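Here is the structure we will look at, set down as structure tokens.
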Amino acid sequence: MRASLLTGIGEFALRELPKPQIQHDHDILVRIRMVGVCGSDMHYYTSGRIGAAVVHFPFLIGHEAAGVVEATGAGVTRLQPGQRIAVDPALSCGRCDQCLAGRENTCRHLLFRGAPGQLPGCLCEYVVLDERQCFPVSDGLSFELAALSEPLAVALYAVERSRITAGALAAVLGAGPIGLSLLHVLREREIGPLFVTDRIEARLDYARQLGPEWAGNPDRMDVEAEIGRFAPLQLDFVFECTGNPEAVQQGIRLLKPGGKLVIVGIPGEEEIILPIHELRRKEIDMINIRRQAGTTQKAIDLLESGAIRMDGMATHHFPLEETAAAFDLVGSYRDSVIKAMIAL
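The sequence shown maps to residues -9 to 334 in this note's numbering.
Have a look at this one:
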């Protein structure tokens, strides 16, 4: 089978690999049809690591995926060949203290597709998945929307874990795919007024279609002053989706005493500096988001029903042999890119 392997910092190579085989009763062989380029993938592409997770080249990345069931193990009951599926890239053990507490996203033995030292990713024609990772979707749902159910599930989990309620004033810092997914969820739940920031005008244009109170570019205006005109007592929630330490610090300044900072973005740095005395004086709660837990089916349901419409987020499409071009585009933020998709 064809596969696009990450062979070095900023380098991909198209290779032929053996087609994977079903080995266990609950295995499913999936023909991958669409893979989204995620921000975490970009960390591996640009620096070869996320914190202690270090890539050993060559490596197969990519985890936002959708495809078609090709074959099933003897114990599979939910799916059959020919069905379209969205992929949950995480495989938890189901037995540890975290799983038993409903925290499969922090499973002690978690295996994640496209993560170094765990499982190979989906930038290839075929993968073998555990049945629990495969979620059926209707024939009417496009492969790109099925793949986008993964970042939408992360956004759903962030909103649920924050316990934000209607009437709360909230900002989404960073209108990339995760930030826009969050904005979709917040708007669907009628939460707001909402405020959005990003440095790319095309992303702000997309965000404005979802009706926030205000959307602006931090490179062109004083974000804190602008938001302060609408919210003089400051905000209840800030969802930080950039991973930029400056945005984290700005989020703290935007929050009122007792506010909540929800950290969704992944920093490139191993450590960041926080204004501890402002955090202490304002008694800010910090909530870290680790992927998602139990929200994949909810994300699919929202897309299937049309309650959330994310079609316009997939702005660019590339074939597998042009994977490097897709990653280069996303890394350079050119051509008003929001989400690049790789079609197989």
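For every residue, glycine included, the Cβ atom is placed at its ideal position computed from N, Cα and C. Fair warning: this is a prediction, and the values are worked out from it, not measured in the lab.
Please check if any C-beta of chain C sits within less than 7 Å of the C-beta of residue i.
i	result
A160	The structure shown contains no chain C; it is built from a single protein chain.
Can you grab the Cα-Cα spacing for the pair residue i / residue j, in whole Å?
i	j	result
R198	L334	32 Å
E216	Y323	25 Å
G104	P222	44 Å
D17	E121	6 Å
P10	S(-6)	15 Å
D301	M24	14 Å
Q240	E268	11 Å
I242	I263	12 Å
H306	G92	36 Å
E343	G(-2)	What is shown of the chain runs -9 to 334, which leaves residue 343 out entirely.
M276	A316	34 Å
S82	A304	29 Å
V213	I190	15 Å
S152	N278	9 Å
L251	V238	8 Å
V254	G29	11 Å
H53	P208	30 Å
L194	P8	43 Å
Q88	I256	22 Å
P235	P265	11 Å
S295	F133	16 Å
I90	D325	Here residue 90 turns out to be Leu, not Ile, going by the sequence shown. In a straight line, the C-alpha of L90 is about 45 Å away from that of D325.
A192	D318	18 Å
L131	P141	16 Å
Y196	G0	29 Å
G84	P167	29 Å
A158	P110	40 Å
E260	T67	43 Å
D188	G249	22 Å
Could you check where the alpha helix (DSSP H) with residue i kicks off and where it finishes?
i	result
E54	Run containing E54: none in the alpha helix (DSSP H); it sits in the beta strand (DSSP E), 54 to 62.
L173	167 to 178
S139	133 to 152
L225	Not the alpha helix (DSSP H): L225 falls in the beta strand (DSSP E), residues 225 to 230.
A215	213 to 220
Who are the near neighbours of residue i in its chain, counting only those whose CB is closer than 6 Å to its CB and skipping five residues on each side?
i	result
T285	A143, L146, Y147
E335	In the structure displayed, the chain extends from -9 to 334; residue 335 sits before or after that span and is not available.
A314	F2
I298	H174, E178, L292
G169	V162, C231
A136	A56, A76, V127
F102	P79, A80, Q108
G201	none
K288	L146
Terminal residues of the continuous beta strand (DSSP E) containing residue i?
i	result
R74	74 to 77
Y323	No beta strand (DSSP E) holds Y323; DSSP gives it neither H nor E.
L(-1)	In the sequence on display, residue -1 carries Ile and not Leu. Taken as a continuous stretch (DSSP letters only), I(-1) belongs to no beta strand (DSSP E), as it is neither H nor E.
G26	17 to 26
A333	329 to 333
G248	245 to 253
C89	Here C89 belongs to no beta strand (DSSP E); instead the alpha helix (DSSP H) covers 87 to 90.
H306	304 to 309
D31	No beta strand (DSSP E) holds D31; the alpha helix (DSSP H) holding it covers 29 to 37.
L159	From DSSP, L159 is part of no beta strand (DSSP E); its letter is neither H nor E.
P126	124 to 126
My guess is that residue i and residue j are in contact by the Cβ rule of under 8 Å, so how many angstroms apart are they, rounded?
i	j	result
D129	R74	6 Å
G258	G233	6 Å
G72	D15	With a Cβ gap of about 20 Å, G72 and D15 do not count as contacting.
V186	A165	5 Å
I40	H46	Wrong, their Cβ atoms sit about 14 Å apart, outside the cutoff.
R21	Y116	6 Å
A42	C112	No, A42 and C112 are not in contact; Cβ-Cβ is about 23 Å, not under 8 Å.
F229	L172	5 Å
Q70	V59	7 Å
V270	C114	In the sequence on display, residue 270 carries Arg and not Val. About 48 Å; that fails the 8 Å criterion.
Residues in its own chain within less than 7 Å of residue i by CB, not counting five upstream and five downstream?
i	result
V44	G38, P106
P347	Within the shown structure, residues of the chain are numbered from -9 to 334, placing residue 347 beyond reach of any answer.
N95	A80, R280, R281, Q282, A283
R290	Arg is not the amino acid found at residue 290; the sequence shown has Ile there. The residues are A76, F125, V127, S139.
C86	C97, R98, H99
P309	A333
I154	A160, I181, F227
L(-4)	F2, Y34, Y35, V45, F47, P48, F49, I51
L176	V149, A160, G182, L184
L245	Q224, L225, V228, L251, K272, I274
Give every residue of the same chain whose Cβ lies closer than 8 Å to the Cβ of residue i, excluding the five residues on either side of it in the sequence, and list them in chain order.
i	result
I12	I18, L19, A61, T62, G63, V118
V320	V27, M32, V327, A330
E388	Outside the modelled stretch of the chain, which goes from -9 to 334, sits residue 388, for which no answer is possible.
Would you list, in sequence order, the uninterrupted alpha helix (DSSP H) runs of no fewer than 4 residues that lie entirely inside the region 181 to 207? 191 to 198
Taking only runs that begin and end inside the region 262 to 292, name each unbroken beta strand (DSSP E) of 3 or more residues, in chain order. 275 to 278
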